[in-house]
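For reference, the structure discussed in these notes is given below.
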Amino acid sequence: MKTITIKSIIDPSRTYKYIDDGSPKQGGVKDVYFAPNRKYVVAFFRTALDFNQRDRIKRIVTLYLDNIKNGSAGDYFLQEIYRWPYDAVEQDGKTGVIVPIYDSKFFFAKGYGANAMIKGGEKVGKWFTAPSFRHQQYPLALDKSELGDWLSYFQIAINICRGIKKMHQMGLAHSDLSYNNVLIDPVSKSANIIDLDGLVVPGLYPPEVIGTADFIAPEVLKTKHLKLNDPNRILPNQKTDLHALAVLIYMYLLRRHPLRGGKIWDLDAEKDELMAMGEKALFVEHPTDRMNAVKTDQLRKWETFWGNPNKLSYTKTGPYLTDLFKRAFIDGLHNPMLRPIANEWETALLKTVDLIQPCSNPQCDEKWYVFDNSTKPICPFCGTAHKGSLPVIDLYFKFKDTVWKPEGHRLMVYHNQYLFKWHVSRKVIRNESLTAEDKNPVGYFTYYQNKWMLVNQDLQGMKDLTEQKDIPVNSMVELTDGKKILLSNEEGGRLLYITITNQ
Amino acid sequence: MRGEPIQALNNGFNGLISMLRTDPQAMDSLHISVITFDREVHNLVPLTDLASFQPVEIHCPESGPTHTGEALEMLLKMIDNELVKGSTERKGDWKPLLFVFTDGKPSDIQKYRMCIPKIKAMDFGIIVGCAAGPKAEVSFLKELTDEVVKLDTTDSNTLTTFFRWVSSSIEMGSKSQGTGEILTLPPPPNELNIII
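Each protein sequence line maps, in turn, to chains A and B. In my numbering, each number is its position in the first sequence, counted from 1, plus 1. In my numbering, each number is its position in the second sequence, counted from 1, plus 83.
As structure tokens, then:
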């Protein structure tokens, strides 16, 4: 065991230390050593890098890092979303990167319910997309305390979308997005994109991998047999990232793969895989072409719920995501230009969170589900019907002085649900750039003495237009069917239109 | 094999199971079957998914013949019966992986050689032969597969390294795929001698 000091190749005045105990943690292509203070790791590529690869690493730790730092919400991206390498070193001809250490929340606190075998292990996404690990009869199910609830996976997906959005804005492609390269924590609802040293700069540095099974885009697999310099060969790029992103979101929310259905294309398993994920890829929930529908009698016993689209259709993710899944897996599956971009996914996920409501069953594993626009909503996970009345709010914006138009944004009300500035004004956008002040709630909904009430905490100019009464701060208004409430009379201020269902 | 080597083998093997159980991809797909062979051939662990697998203790007699051929024969039968073959209606199992571990040489050499072409025709994902200890003979394993690893010693360190390598071979499929054409085995650890 020895402590080794090395110099940065970017700025030789910077030095790093790592402990070499002879058995580094081995990743796919790197050996990882910890700093004595455990603030960072030094990850050495096992094989020597060529000029291009070294040049790419240098750019990642300088140009692109600075880009993120100096851009909007730089801290958020560097602390919450990425484990971005921030310096490069060399030792005995091997190149290494300095990467911040993973936050402790990304290691299992308990792991399996039955034993401590994976306690302390990394929470790679696969643990949470395979239905077996959450099936309580499975011999090695994850402890319930590790699983989070359905809402957790929305925040996780939103974080991943933001990470991809930012990368694409910088002109980069991830090129190997998969559940192996994203650590997630359903408990704190966080996600961290890791292994960022393989980023692809289109036109400048070619990708070195085609991706990970389950996430490789059809056009990449379809042209895999061609030579690298063949103009028809398609290598990972931003559009293929968008395929991987769609698959990842689908798997986090529905815990099955969107393209793994019952159709057998070839008796040879390898050829079949190549066709099913490549040339012949077909959405298992395609509404008209049922050729690849899931054969529910062939599901393993751990998958009978999540694996069965008849029990849990993708449309249960609500109207906004349904639309994007259609674009990703029907229109855009073989037409990359039509795939939704990361920003669209982020927006749809956020709008869907506003449609989510708590399950009335306190024992429900998933605890939340998306309001399905019906008058008698039922939790798709445990089958419990909603009890009591249910206010639904549609948001409107001022088009002309007397004309209000719908935003296409609906907010489900539940007891102790909060109202935020991004609901109140078109000028506040719900994204990573929100200020701390904008994240404070401005009002809340409550079921109080058998009535649904909206309490105004911080909104000047809130007014009940139906009764023509001002609603000052620290007072409340009852939500009744057909009521119109103006949230703000400033420019961009919105109006709420209330519908009460399930009466 | 007795004394420390067999202890080390047992530890190494059960350690392999533990290692694989920390990999969600392996947990989700892998099934294991163990055949032991000496004078007698036993299917010590019938095909079991990784989560249901119970730790086992492999015993060896102090002396006697090594019926490697008969073990391969049993393997052929089991593959026939247990491996789900793909049909137009149902997806088949992935190609099985075969690891043959021995500290000696086949005593039923005729049967062994008879089985080899049949094993080769079975379309295994990989076949790895491991000759462990000073008395293990590499040449016979080389008839079965090109991938032969010779462990000069069978202490627990060497075996742990070997099984870690086995584990990474098993996990290959779930890793990032290169832009090149075929999946190959990960490089073996330095401590072992690979016979080519």
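C-beta atoms are modelled at their ideal positions from N, C-alpha and C, and glycine is treated no differently.
Run the CB neighbour count on residue i, radius 10 Å, all protein chains shown included, and call it buried at 16 or more, exposed below.
i                           : result
isoleucine 82 of chain A    : buried
phenylalanine 96 of chain B : buried
alanine 386 of chain A      : exposed
histidine 175 of chain A    : buried
leucine 455 of chain A      : buried
aspartate 12 of chain A     : exposed
aspartate 76 of chain A     : exposed
aspartate 186 of chain A    : buried
glycine 126 of chain A      : buried
glutamate 286 of chain A    : buried
aspartate 1 of chain A      : Residue 1 of chain A is absent from the structure shown; chain A starts at 2 and stops at 504.
leucine 236 of chain A      : buried
methionine 276 of chain A   : buried
Closest Cβ-Cβ distance between residue i and chain B: below 8 Å?
i                         : result
alanine 270 of chain A    : yes
tyrosine 87 of chain A    : no
aspartate 177 of chain A  : yes
threonine 305 of chain A  : no
glutamate 209 of chain A  : yes
leucine 66 of chain A     : no
aspartate 273 of chain A  : yes
leucine 141 of chain A    : yes
isoleucine 265 of chain A : yes
valine 248 of chain A     : no
Can you find a CB in chain A that lies within less than 8 Å of the CB of residue i?
i                         : result
serine 135 of chain B     : yes
isoleucine 265 of chain B : Confidence in isoleucine 265 of chain B is poor, its pLDDT being 44 and thus under 50, which makes the residue's placement too unreliable to answer from.
glycine 259 of chain B    : Per the sequence shown, residue 259 of chain B should be read as serine rather than glycine. Yes, because at least one Cβ of chain A sits closer than 8 Å to the Cβ of serine 259 of chain B.
serine 101 of chain B     : yes
arginine 178 of chain B   : Per the sequence shown, the amino acid found at residue 178 of chain B is lysine instead of arginine. Cβ-Cβ to chain A under 8 Å: yes for lysine 178 of chain B.
proline 107 of chain B    : yes
aspartate 229 of chain B  : no
asparagine 276 of chain B : Because asparagine 276 of chain B sits at a pLDDT of 49, beneath the cut-off of 50, its placement in the model cannot be relied upon, and the following sentence gives the value as read from the coordinates. Cβ-Cβ to chain A under 8 Å: no for asparagine 276 of chain B.
isoleucine 279 of chain B : Interpretation of isoleucine 279 of chain B is limited by its pLDDT of 47, a score under 50 that renders its predicted location unreliable; no figure is taken from the coordinates.
threonine 241 of chain B  : no
methionine 110 of chain B : yes
threonine 334 of chain B  : Residue 334 of chain B lies beyond the stretch modelled for chain B, which goes from 84 to 279, so this question has no answer here.
glycine 175 of chain B    : yes
Note the first and the last residue of the continuous alpha helix (DSSP H) segment covering residue i.
i                           : result
tryptophan 151 of chain A   : 151-170
lysine 422 of chain A       : 422-425
valine 221 of chain B       : 221-227
tryptophan 303 of chain A   : Where tryptophan 303 of chain A is concerned, there is no enclosing alpha helix (DSSP H), given that its DSSP letter is neither H nor E.
glutamate 156 of chain B    : 151-165
phenylalanine 52 of chain A : 52-60
leucine 99 of chain B       : 87-103
alanine 343 of chain A      : 343-354
alanine 277 of chain A      : 270-278
What residue does the beta strand (DSSP E) around residue i start on, and which one ends it?
i                         : result
leucine 391 of chain A    : 391-401
leucine 497 of chain A    : 495-502
proline 407 of chain A    : 404-413
glutamine 358 of chain A  : 357-359
glutamate 140 of chain B  : Careful: glutamate 140 of chain B lies outside any beta strand (DSSP E) and carries neither H nor E.
glutamine 461 of chain A  : Here glutamine 461 of chain A belongs to no beta strand (DSSP E), and DSSP marks it neither H nor E.
tryptophan 369 of chain A : 369-371
valine 100 of chain A     : 95-101
aspartate 32 of chain A   : 31-35
serine 9 of chain A       : Element bounds for serine 9 of chain A: n/a, residue is neither H nor E.
asparagine 71 of chain A  : Element bounds for asparagine 71 of chain A: not the beta strand (DSSP E) but the alpha helix (DSSP H), 66-71.
So who's on the other strand from residue i, going by DSSP bridges?
i                         : result
isoleucine 250 of chain A : Beta-bridge pairing links isoleucine 250 of chain A to no other residue.
glutamate 479 of chain A  : A:Met454
cysteine 213 of chain B   : B:Phe184, B:Val232
histidine 125 of chain B  : B:Thr119
aspartate 132 of chain B  : B:His114
tyrosine 445 of chain A   : A:Tyr419, A:Val456
valine 429 of chain A     : DSSP lists no partner for valine 429 of chain A.
alanine 174 of chain A    : A:Val201
tyrosine 180 of chain A   : In DSSP, tyrosine 180 of chain A forms no bridge with anything.
leucine 487 of chain A    : A:Lys464, A:Leu496
threonine 318 of chain A  : In the DSSP output, where bridge partners are listed per residue, threonine 318 of chain A has none listed.
serine 251 of chain B     : Serine 251 of chain B pairs with nothing; no bridge assigned.
Taking 7 Å as the cut-off, is the C-beta of residue i nearer than that to any heavy atom in the ligand SAH?
i                      : result
leucine 334 of chain A : By its list of ligands, the structure shown contains no ligand whatsoever, and the ligand SAH lies outside what it can speak to.
Segment contact, 8 Å Cβ cut-off, at least three pairs: the stretch 17-27 of chain A with the stretch 52-61 of chain A: no
Assess, as a yes-or-no matter, whether the stretch 390-399 of chain A is touched by the stretch 37-44 of chain A under the definition of 3 or more beta carbon pairs within less than 8 Å. no
I'd like to know if the stretch 212-224 of chain A and the stretch 234-252 of chain A are in contact, where contact means that at least 3 CB-CB pairs between them fall below 8 Å. yes
Taking 8 Å as the threshold, find out whether the stretch 345-357 of chain A comes into contact with the stretch 119-134 of chain A through three or more Cβ pairs. no
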